[in-house]
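J.: My questions will all concern the structure given below.
There are 2 protein chains.
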Amino acid sequence: MGRGKIVIRRIDNSTSRQVTFSKRRNGIFKKAKELGILCDAEVGLVIFSSTGRLYEYASSSMKSVIDRYGRAKEEQQLVANPNSELKVSLNCDLKSCRS
Amino acid sequence: MGRGKIVIRRIDNSTSRQVTFSKRRNGIFKKAKELGILCDAEVGLVIFSSTGRLYEYASSSMKSVIDRYGRAKEEQQLVANPNSELKVSLNCDLKSCRS
DNA sequence: CGAGCTATATATAACGT
DNA sequence: TACGTTATATATAGCTC
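Residue numbers (the UniProt record's numbering), protein chains in the order written: chain A, 1 to 99; chain B, 1 to 99.
What follows is the structure in structure tokens.
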């Protein structure tokens with residue numbers, strides 16, 4: 001998206017990499033916000049630059065996103081590896097929640 | 001970006017919302033991957049659709065991103081609220097790491 | 001440097017099937 | 001309803017200041 005087409009590989013020149021990082025970081029944060037609003041989704045985005053600096057965006061709060069992520073992952077594990085008497089009822093509950 | 005300009009507000013029609021969600025989700029994941037590669041950044045993206053389904057992308061692993069996020073947040077707290085004898089040495093260390 | 005400025009490359013909204 | 005298509009809106013690469 002620009003004057004010339006680029007190949008997606010690490011930008012060697014440090015200055016160019018910083019400039020591109022700044023521009024694209026702004027772009028992806030905007031996209032994340034739009035997705036959250038347009039589609040009523042909960043979005044969490046964490047980015048560490050190559051210099052180690054943290055940038056973040058969450059449509060709600062990062063804590064909320066990470067907590068929910070942990071719970072969702074636990075559910076995935078249970079469904080993939082059912083090993084308790086909760087299997088049947090849990091599967092039913094999950095399926096009924098899906099669109 | 002399309003046949004018509006849209007306003008960024010929640011899409012009321014459920015079907016349209018799902019379609020837009022699917023397209024934009026793909027788009028933002030692509031952007032996240034490109035940013036990670038081009039700029040040598042560590043990226044973590046978590047999205048919960050309005051139906052509650054989880055979608056995720058991490059340039060490394062989500063665990064790595066979340067762990068690093070937690071550590072970065074702790075550092076931010078320490079720098080913002082210095083309340084220990086570690087203040088001076090920690091500030092020095094952090095500053096020397098910045099570009 | 002960091003902040004704009006276009007020309008182009010991409011993403012995607014509105015339609016077709 | 002889920003997939004292609006394509007006209008348009010956006011993002012952004014390379015420059016300029």
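Glycine included, C-beta positions come from ideal geometry on N, C-alpha and C.
For A:Arg10, collect the residues of the same chain with a Cβ closer than 8 angstroms to its Cβ; drop the 5 residues on either side in sequence, then sort them by chain order.
T.: Excluding residues within five positions, the ones whose Cβ falls inside 8 angstroms are Arg17.
J.: Hey, how far is the Cα of B:Leu78 from the Cα of A:Gly4?
T.: Looking at the two C-alpha atoms, the distance is approximately 44 angstroms.
J.: Taking the alpha helix (DSSP H) that A:Ala32 belongs to, which residues open and close that run?
T.: Its alpha helix (DSSP H) spans residues Ser14 to Cys39.
J.: If contact is defined by three or more beta carbon pairs under 8 angstroms, each pair taking one atom from either stretch, is the region 14-29 of chain B in contact with the region 25-39 of chain A?
T.: Verdict: yes, contact present.
J.: What residues from chain B crowd round A:Thr15, counting only those whose CB sits closer than 7 angstroms?
T.: Within chain B, no residue comes near A:Thr15; the closest Cβ sits about 11 angstroms away, beyond 7 angstroms.
J.: With distances taken Cα to Cα, identify the nearest neighbour of A:Gly44 among A:Thr51, A:Asp12, A:Gly52 and A:Gly70.
T.: Cα-wise, what sits closest to A:Gly44 is A:Gly70.
J.: Where DSSP assigns a beta bridge to B:Ala58, which residues make up the other side?
T.: DSSP lists B:Gly44 as partners of B:Ala58.
J.: If you measure between the beta carbons of B:Ser59 and B:Gly36, is that distance less than 9 angstroms?
T.: A contact, by the Cβ cut-off of 9 angstroms.
J.: Once DSSP output is grouped into helix, strand and coil, what is the label at B:Ile8?
T.: Correct three-state label for B:Ile8: coil.
J.: According to DSSP, is A:Ser64 helix, strand or coil?
T.: A:Ser64: helix per DSSP, three-state reduction.
J.: When you compare each of B:Asp12, B:Ile47 and B:Leu54 to A:Ala72 by their alpha carbons, which one comes out closest?
T.: Checking every option, the nearest Cα to that of A:Ala72 belongs to B:Leu54.
J.: CA-CA distance, B:Lys63 and A:Thr20?
T.: So the alpha carbons of these two residues sit roughly 26 angstroms apart.
J.: Indicate whether at least one CB of chain A lies closer than 9 angstroms to the CB of B:Leu78.
T.: No, its Cβ sits nowhere closer than 9 angstroms to a Cβ of chain A.
J.: For B:Glu42, does the count of other Cβ atoms within 10 angstroms reach 16, so buried, or fall short, so exposed?
T.: B:Glu42 is buried by the Cβ-count criterion.
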